[in-house]
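Undergrad:
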Amino acid sequence: MVDFLGDDEENFVLSQISEEDVDNLALSQFCGEMEDDMSLSQIAMKIEKDYADDALCQGGDRNVENFTIPLQFEINEKMNANTKKNTKWAVGVFNQWRSFRAQNGDPIIELHMMNAECMNYWLERFVMETRKQNGDEYPPKSLYYIVCGLLRHCRDMNVHDKNFLDQKDGRFAHFRRVLDAKMKDSLSKGLGTKVRRADPVSDDDEEKLWANGVFGTTNSTSLQYTVFFYNCKLFGLRGRDEHRNLDHSQFETGQDATGRFIRFIGRNNKTFKGGLGDLRLDNKDIKHYARGPRCIVDFYETYLKAIGSGVFYRKPLISDVQDKHRYGKSALGVNKLNGLMREMCEKGGLVGNFTNHSGKRTCASALYQAGIDEQQIMERTGHRSTKGVRTYKTANSNIQKPVSDVRS
């Protein structure tokens, strides 16, 4: 059996979804927390009907599509990009398995068209038979996330009366037992036991980046590296999605009774959409006060002055005599932005697995080691659960070595 995107997709799924760590949650609880966006489709259906009824009452000759199309477009636009990618991947894996079955004389209808009995029957066989492109079995987490993606797909197709991960739905009890047994069997074979996570940037590493001239105001690139790193460390910005949409207007510098500060005002992101599910939550609004020999506020002021307004990350230009820090009008490319942390760490001579996720892990680890309360750490990083933030505050080698020495 083959998968949809190959071996690399396993790392993509684990690195993207497992950020909000849900390893120990019940299956139904997982779906309730990870698939909040899907409930919006139900809301949209009602809104569309209300608009249609209103149109008919007021004249009867208005085209209902004038309302339906913008509503569906708005829903799709606000859905998390990673969620959509993972759903597409899961459906692709399932359809490849369907194709294999069809070649062997077992044509299978699309998942969302099945009744409960048929769905239970084929899902059992799917989780037992599906394989990666190289023929290996999926690790337990990957298999579970594939099933979650299939459930999201069913909801996208307006199938809301079947939840095969809901422990209260007895129609799929046998499937859940099969899935549980398969995940346990995969773990017993050692699948998924080694997860390669991004390393945090330690204090020593940070000083090395300064000493080697990667950070500073030497030129436009070094200044951009500086604000990128401290956007991660101070404000807990994740991967590339929060960085990509940053705007000059989200930052301000100032001074109050406590001292000079850089203020960051967040908008919507992966864990905060601002919709009905987030009414009890607030966007990030963080002040960081300058301390130590380096006043980080100075670097932000220099950068904000250089870009003027608009998109925050722009292509650095070569310095000239009159202006040392110059940036183009166009935004920094997505791929360039995605590799910025790795690029600066390589230039600084750091050794480890450094990705953009290293920034958020650096933020959580630094606060954790300083003894900051978990709730305050979550406010900085944007995590919605303690389980999620604990995957980011992994102890680094400076902590692990003394523990090893004690046990030697």
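Per the UniProt record's numbering, residue 1 is the first one in the sequence shown, and the count goes up by one each step.
Cβ atoms here follow ideal geometry from the backbone N, Cα and C, with glycine treated the same way.
1. Which parts of the region 92 to 135 are runs of the alpha helix (DSSP H), unbroken and 4 residues or longer, counting only runs that do not cross its ends?
2. Do you know whose CA, among LEU337, ASP298 and GLN322, lies nearest VAL311's CA?
3. May I have a chain-ordered list of the alpha helix (DSSP H) segments no shorter than 4 residues that lie completely inside the region 167 to 232?
4. ARG238 and LYS324 - do their beta-carbons sit closer together than 8 Å?
5. Taking DSSP as the reference, what is the three-state secondary structure of GLY59?
6. Under three-state DSSP, which class holds PRO293?
7. Out of LYS141, ARG101, TYR225 and GLU124, point me to the one whose CA is closest to GLY339's CA.
8. Out of ASN335, ASN86, GLY371 and ALA306, which has the shortest C-alpha to C-alpha gap to ILE146?
9. Are three or more beta carbon pairs between the region 191 to 206 and the region 324 to 335 nearer than 8 Å?
10. According to the Cβ coordinates, are LEU187 and VAL91 closer than 8 Å?
11. By DSSP, does GLU137 sit in helix, in strand, or in coil?
12. Output the distance between the C-alpha atoms of VAL201 and MET344, rounded to the nearest integer angstrom.
13. For VAL321, which three-state DSSP category applies?
14. To the nearest angstrom, how far is the alpha carbon of TYR230 from that of ALA306?
15. Go through its chain and collect everything with a Cβ distance to GLY328's Cβ below 7 Å, but skip five positions before and after it.
16. Using only alpha-carbon positions, find the residue among ASN80, ASP136 and CYS295 that is nearest to ARG260.
17. Helix, strand or coil for ASP251 per DSSP?
18. Do you know how far the Cα of LYS287 is from the Cα of GLY236?
19. Any idea which residues DSSP pairs ARG287 with across the strands?
20. For ALA370, which of helix, strand or coil comes out of DSSP?
21. In terms of alpha-carbon separation, which member of SER220, LYS189 and HIS112 lies closest to LEU123?
22. Determine the closest residue to TYR121 out of CYS154, GLY254, LEU234 and PHE175, with distance taken between C-alpha atoms.
23. Per DSSP, what kind of secondary structure is THR87 in: helix, strand or coil?
24. Roughly how many whole angstroms lie between the Cα atoms of TYR138 and PRO293?
25. Where DSSP assigns a beta bridge to ALA81, which residues make up the other side?
26. Comparing alpha-carbon positions, which option in MET119, GLU374, ARG101 and ARG98 lies nearest GLY170?
27. Compute the Euclidean distance between the alpha carbons of ASP373 and ALA366, then round it to the nearest angstrom.
28. Any idea what DSSP makes of SER358, helix, strand or coil?
29. Out of TYR303, ASN95 and ASP180, which has the shortest C-alpha to C-alpha gap to GLY216?
30. Just the Cα atoms here: how many angstroms apart are LEU180 and ASP136?
31. Can you grab the Cα-Cα spacing for the pair ASP256 / ARG263, in whole Å?
TA: In short:
1. Secondary structure within the region 92 to 135: the alpha helix (DSSP H) runs of 4 or more consecutive residues, fully enclosed, are 116 to 129 (chain order).
2. Checking every option, the nearest Cα to that of VAL311 belongs to LEU337.
3. Segments of the alpha helix (DSSP H) lying fully in the region 167 to 232: 173 to 188 and 203 to 211.
4. No, they are not a contact pair.
5. Any answer about GLY59 is weak, because its pLDDT of 48 lies below 50 and its placement is not dependable; what the coordinates show is given next. Judged by DSSP in its simplified three-state form, GLY59 adopts coil rather than helix or strand.
6. Of the three classes helix, strand and coil, the one that applies to PRO293 here is coil, per DSSP.
7. Checked all of LYS141, ARG101, TYR225 and GLU124; the closest Cα to GLY339 is TYR225.
8. The candidate whose alpha carbon is nearest that of ILE146 is ASN86.
9. Short answer: they don't touch.
10. Contact flag unset, no.
11. Here GLU137 carries a coil assignment [DSSP, helix/strand/coil].
12. Cα-Cα distance, rounded: 11 Å.
13. The answer is coil: DSSP assigns VAL321 none of H, G, I, E or B.
14. Taking the straight line joining both Cα atoms gives about 17 Å.
15. ARG314, LYS315 and LEU317.
16. Ranking the options by Cα distance to ARG260, first place goes to CYS295.
17. Note on identity: in this sequence residue 251 is Phe, with Asp being the wrong assignment. PHE251: strand per DSSP, three-state reduction.
18. The straight-line gap from Cα to Cα measures roughly 12 Å.
19. The residue asked about is misnamed: residue 287 is Lys in this sequence, not Arg. BP columns for LYS287 point to ARG263.
20. ALA370 falls in the coil class under three-state DSSP.
21. Taking only the C-alpha atoms, the option nearest LEU123 is HIS112.
22. Closest in alpha carbon position to TYR121, among CYS154, GLY254, LEU234 and PHE175, is PHE175.
23. Helix, per DSSP.
24. The alpha-carbon of TYR138 is positioned some 50 Å away from that of PRO293.
25. According to DSSP, ALA81 bridges with nothing at all.
26. Of the listed residues, the one whose Cα sits closest to GLY170 is MET119.
27. So the alpha carbons of these two residues sit roughly 12 Å apart.
28. It is helical.
29. Ranking TYR303, ASN95 and ASP180 by Cα distance to GLY216 puts TYR303 first.
30. The sequence as given places Asp at residue 180; Leu does not occur at that position. If I take the Cα positions, the gap works out to 19 Å.
31. For ASP256 and ARG263, the distance between alpha carbons rounds to 12 Å.
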